[in-house]
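The structure appears right after this line, and notes come after that.
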Amino acid sequence: MSAPPPTVKVPFSIYRYEPGRDRSPRYQEYTLDLAPHTPLLTALLRIRAEIDPTLSIRYSCRSAICGSCAMQVNSKSRLACETPVGPELEKHGRIVVEPMRNQPVVRDLVVDQSPFWTQYTKVEPHLKLDPRRPMPEGAPNPMTPAEVERFYETPRCIACAACFSACPAVEVDPEFPGPMALAKLYRYTVDPRDQAHQERLLRIQPGGLWLCLRCHLCTESCPKDVRPSERIRDLKEMAIAVQGATEQGSRHAFYFKENLKDGGLLNEMKLARQTYGLFGLVKELPQGVRIMRKKPEMRKKPHPIEGADEVRKIYDALDAKEAPK
Amino acid sequence: MKLAYYPGCVAQESGKELDLATRWVCRALGIELVPFPAFSCCGSGFVDEANEVLNIGINARNLAIAEKAGLDLLTICSTCTGMLNLANVRMTDPQVRARVDAALKPLGIEYRGTVKVKHLLQVLTQDVGLEAIRAKVRRPLAGLQVGAFYGCHLLRPADEMRSESGEEPQSFEELLKVLGATPVYYRGRVMCCGFPIQFVKGPTASRLAGRQIQDAKSHGADAMATPCPLCHISLDAYQNRAEKEVGQRLDLPVFHLPQVVGLALGATPAELGLKRHLVPTDSALAKIRAPSPA
Chain A
922 MSAPPPTVKV PFSIYRYEPG RDRSPRYQEY TLDLAPHTPL LTALLRIRAE
972 IDPTLSIRYS CRSAICGSCA MQVNSKSRLA CETPVGPELE KHGRIVVEPM
1022 RNQPVVRDLV VDQSPFWTQY TKVEPHLKLD PRRPMPEGAP NPMTPAEVER
1072 FYETPRCIAC AACFSACPAV EVDPEFPGPM ALAKLYRYTV DPRDQAHQER
1122 LLRIQPGGLW LCLRCHLCTE SCPKDVRPSE RIRDLKEMAI AVQGATEQGS
1172 RHAFYFKENL KDGGLLNEMK LARQTYGLFG LVKELPQGVR IMRKKPEMRK
1222 KPHPIEGADE VRKIYDALDA KEAPK
Chain B
5 MKLAYYPGCV AQESGKELDL ATRWVCRALG IELVPFPAFS CCGSGFVDEA
55 NEVLNIGINA RNLAIAEKAG LDLLTICSTC TGMLNLANVR MTDPQVRARV
105 DAALKPLGIE YRGTVKVKHL LQVLTQDVGL EAIRAKVRRP LAGLQVGAFY
155 GCHLLRPADE MRSESGEEPQ SFEELLKVLG ATPVYYRGRV MCCGFPIQFV
205 KGPTASRLAG RQIQDAKSHG ADAMATPCPL CHISLDAYQN RAEKEVGQRL
255 DLPVFHLPQV VGLALGATPA ELGLKRHLVP TDSALAKIRA PSPA
């Protein structure tokens, strides 16, 4: 019989809190002897079974399929069931376990996921068919491999909310739908069977898309490599095409693009005028003056780069679309 | 060491002090910077949002300029690094490559994909090396607690950026230690500064910046330091707004990466353009001593 794998002492610092009962959250320390490959979830279940039966955890499949055990592990959004303790211990010397962020705590590591599901429901995550164009009864509705390829990543989502927990835009602005809801929106927007593409894109509200910071923390934390930040980028490009540059976010992206066409470098002042409009610019003036006193170059138009005509020709070749209004 | 110098728009305009400090540090470390007046803006992530392929096209042109000169590219902005790297990654997709090649070819431009995009932080920590820098320190930043603030696009997506880590980088803190400073570890160091939405919803952007500054400060930072001039705008030029959003006076100086390196190597505040900051750096400078003679 082979010897059991060597174990190491693993110190845990676990968030404990029951709103309504505890005055404030506290961190409780536990130490276990564990083999380095032990999943965090297994460790937590051992703590509950052997040391402290009052520890609340949400989990189910233990196999990174059900998406139940997302939590903050040393400040990162992770599924506990697929996070081995060894590497965390090596990097941090201990393992700090906290509930997911951006959702209210029910108890200890269990959160109330309603903010996440509310945003998800809002994007109507199901195929929408046009009643005027019913599908033939019993007929299949096939897709080509190329069509499936466009959204093959997004159906992998297991709705664990790790991205929602990691998202700084959700943290500071509850209006933002969050990465997963937008990845789902993308999935139905490019699904050839869905008949509400235009409507979906037109209905995206100002706060909905352009609050994404493209910080890619969602993509980093996603256990299924859905890459929400990249799909949100795709949605932005599609939204400009359908909605036009009609709101602050799309205007800024659109006019930034236009800005480089002549001269190749960013003209900061011109962009500010175009993004904010005259009224908005006046409102921003005091801040602008405050900054320009220290940084006078901002006022100047940059010199055109050498070969600015090349940049223009690249635009002609790759950005032939009419300017949306 | 000789590198194609890609300063980016901000360092040539409102963030001129970053360019100044970069040139000073590179001179001190024997890094030759080759300027190319033909470089265009990287698109700053906004062009990518408006038209992905166009963004790759203009950056492939930038990369082709360096390739033709046989040089790797030095960037001093996290977002420039991200966008130029993204072009490198996306150009490996045959369909994207075909479209971009078709746009560049009539202009006599070809990009074969051989240029490495290196941010100054990577050049300092990987190519120059921490020991070589340690040997040149004339004014150890002893007594100064610094919160590194990386900037998203230097790190993420980690697989595409081939960065040290998307969520737990170490290089900036290791560099700070070599400079004699004490790095401050806080959650916000890998978070977003809010810059991308400064023009979409200013208060939300500033609330985010405010939280990261608060986080650094509450962990004991005397100053922050960032390798990204866009983060610098959010954290320094807009710190007054961040203060308003979080309802707290912050008053935390924010250095550009080459400014902290320059200070430790003996540069004067004037040589590093410190007077151009909106938040005065005096409180941080008061903590460090005069440089020892060379």
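Protein sequence lines, in the order shown, are assigned to chains A and B.
First residue of the first sequence: 922, per our numbering; consecutive thereafter.
First residue of the second sequence: 5, per our numbering; consecutive thereafter.
Here a beta-carbon is modelled for each residue, glycine too, at the ideal position from N, C-alpha and C.
Computed from a prediction, not measured in an experiment: that's the story for all the values here.
- In this model, residue 1199 (chain A) and residue 1205 (chain A) are separated by some 10 Å (Cα to Cα).
- Bounds of the beta strand (DSSP E) holding residue 992 (chain A) are 991-994.
- For residue 232 (chain B), not one C-beta of chain A is nearer than 7 Å to its own C-beta.
- For the C-beta of residue 1219 (chain A), the chain B residues within less than 9 Å are, from N- to C-terminus, 17, 18.
- Taking a C-beta cut-off of 8 Å against chain A, the contacting residues of the stretch 267-297 of chain B are 279, 280, 281, 282, listed in chain order.
- Proximity of chain B to residue 1038 (chain A) at the Cβ level (cut-off 7 Å) is not reached, the minimal Cβ distance being about 23 Å.
- Against chain A, a Cβ distance below 9 Å from residue 250 (chain B) picks out nothing, because the smallest value is about 10 Å.
- Measuring C-alpha to C-alpha distances from residue 1218 (chain A) to each of B:10, B:7, B:15 identifies B:15 as the nearest.
- Two segments are said to touch when three or more pairs of C-beta atoms, one from each, lie closer than 8 Å; by this definition the stretch 991-1006 of chain A touches the stretch 1129-1146 of chain A.
- Contact with chain B is absent for residue 1051 (chain A), since none of that chain's Cβ atoms lies less than 7 Å from the residue's Cβ.
- In the displayed model, residue 252 (chain B) falls within coil according to three-state DSSP, outside both helix and strand.
- A straight line joining the alpha-carbon of residue 935 (chain A) with that of residue 1155 (chain A) spans about 38 Å.
- Contact note: residue 156 (chain B) reaches chain A through 1134, 1135, 1136, 1137, 1138, using a C-beta cutoff of 8 Å and chain order.
- The beta-carbon of residue 175 (chain B) is placed no less than 7 Å from the nearest beta-carbon of chain A.
- For residue 1236 (chain A), the three-state secondary structure derived from DSSP is helix.
- By the Cβ rule, the stretch 238-252 of chain B counts as touching the stretch 192-202 of chain B, because three or more pairs are nearer than 8 Å.
- Not flagged as an interface residue toward chain B: residue 1018 (chain A), since no C-beta distance is shorter than 7 Å.
- By the neighbour-count criterion, in which a residue is buried when 16 or more other Cβ atoms sit within 10 angstroms of its Cβ, residue 1065 (chain A) is exposed.
- Per DSSP, the beta bridge partners of residue 1028 (chain A) are A:1031.
- Proximity of residue 1129 (chain A) to chain B, defined by a Cβ-Cβ separation below 7 Å, is not satisfied.
- Per the DSSP secondary-structure output, residue 228 (chain B) pairs in a beta bridge with B:151, B:258.
- With respect to chain A, the C-beta atom of residue 265 (chain B) has no partner C-beta closer than 7 Å.
- With respect to the C-alpha of residue 1111 (chain A), the residue from A:1146, A:1092, A:1129, A:1159 having the closest C-alpha is A:1159.
- With a 10 Å radius around the Cβ and a threshold of 16 neighbouring Cβ atoms, residue 948 (chain A) comes out exposed.
- When the alpha-carbon of residue 46 (chain B) is set against those of B:37, B:59, B:54, the nearest one is in B:59.
- Here residue 937 (chain A) is bridged, per DSSP, to A:947.
- For residue 1109 (chain A), no beta strand (DSSP E) encloses it; the enclosing alpha helix (DSSP H) starts and ends at 1100-1110.
- Assignment of residue 1046 (chain A) by DSSP, reduced to helix, strand and coil, places it in the coil class.
- When B:220, B:121, B:119 are compared, the shortest CA-CA separation from residue 186 (chain B) is found for B:220.
- Contact of residue 259 (chain B) with chain A is not assigned, every C-beta pair being separated by 7 Å or more.
- For residue 137 (chain B), there is no enclosing beta strand (DSSP E); the residue is part of the alpha helix (DSSP H) that begins and ends at 134-140.
- For residue 15 (chain B), the secondary structure class from DSSP, reduced to helix, strand or coil, is helix.
- Less than 7 Å separates the beta-carbon of residue 1002 (chain A) from that of residue 960 (chain A).
- Interface flag for residue 79 (chain B) against chain A is unset, since no Cβ pair is found closer than 7 Å.
- Chain-order list of chain B residues neighbouring residue 1236 (chain A): 58, by C-beta distance under 7 Å.
- Between residue 1006 (chain A) and residue 1093 (chain A), the C-beta gap is not smaller than 7 Å, which leaves the two residues out of contact.
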